[in-house]
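Let me begin by presenting the structure, written as structure tokens, before commenting on it.
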Amino acid sequence: MISESVTNLIDQFAKLPGVGRKSAERLAYHILRSHRSESLALADAIRQVKENVHHCKVCYNLAEGDTCEICADARRDPSQLCVVEQPRDLIALEQSGTYNGLYHVLLGRVAPLEGIGPEDLTIDALVERVRTGTIREVIMATNPTLEGDGTALYISSRLADFPLEVTRLARGITIGSVLEFANKEILADAMAGRQKF
Ligand SMILES: [Zn+2]
Numbered sequence: 055m056i057s058e059s060v061t062n063l064i065d066q067f068a069k070l071p072g073v074g075r076k077s078a079e080r081l082a083y084h085i086l087r088s089h090r091s092e093s094l095a096l097a098d099a100i101r102q103v104k105e106n107v108h109h110c111k112v113c114y115n116l117a118e119g120d121t122c123e124i125c126a127d128a129r130r131d132p133s134q135l136c137v138v139e140q141p142r143d144l145i146a147l148e149q150s151g152t153y154n155g156l157y158h159v160l161l162g163r164v165a166p167l168e169g170i171g172p173e174d175l176t177i178d179a180l181v182e183r184v185r186t187g188t189i190r191e192v193i194m195a196t197n198p199t200l201e202g203d204g205t206a207l208y209i210s211s212r213l214a215d216f217p218l219e220v221t222r223l224a225r226g227i228t229i230g231s232v233l234e235f236a237n238k239e240i241l242a243d244a245m246a247g248r249q250k251f
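For the sequence shown, the working numbering gives the first residue as 55, with consecutive numbering after it.
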């Protein structure tokens, strides 16, 4: 008979993406065996992230203050705006080290089959940034999937009347793959070789 607390811990781990029941049990028993301080550090890290991290008021990247580090950085070029689906895509592009403009994080993609429409994303806020800002180029860096492409197409139609250039990442990335798993060199090439939308 396993104790209720252990069962609860296993249940919590099993809810995580990619963690099956067996892995959840292994993780729970690892926690039981490890030092108290180590396990509580994990619990604290989870609590801190949930209490301190939210979305940047400007670009919807993850931030600990009102705005994220990128929006707050005066060395970034405010005339370029790169549109990504998720904060993790932004991180992948940052690691490629080729881009020095600002970002806009959609927090998802248009997915009609899942009932996710444009109004569920941060597209209105994006259009407002474009309307009031000094942006000259919007770079579509949604994933090269059917839904990512559809989302980019929808956004480009919303931006059609603004005096700016809309570009997209070059297709170095295999169709159907996702940005977060592309390697640095491929992302750098995709950014450098971007084309008119
Ligand atoms: Zn930001």
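Yeah, the Cβ is synthetic: ideal placement off N, Cα and C, and Gly gets one too.
With a threshold of 7 Å, the Cβ atom of Ile124 counts as near ligand 1, since some heavy atom of the ligand is closer than that. Bridge partners of Tyr157 according to DSSP: Cys136. The Cβ-Cβ distance between Asn154 and Arg190 does not fall below 8 Å. Proximity of the beta carbon of Cys110 to ligand 1 is indicated: a heavy atom of the ligand is located closer than 7 Å. For a cut-off of 8 Å, the C-beta gap from Phe251 to Arg212 is around 12 Å, too long to register as a contact. In this chain, Thr61 is not harboured by any beta strand (DSSP E); it is covered by the alpha helix (DSSP H) spanning 58-68. Remark: the shortest separation between the CB of Asn154 and any heavy atom of ligand 1 does not fall under 7 Å. Not one heavy atom of ligand 1 is found less than 7 Å from the C-beta of Ala195.
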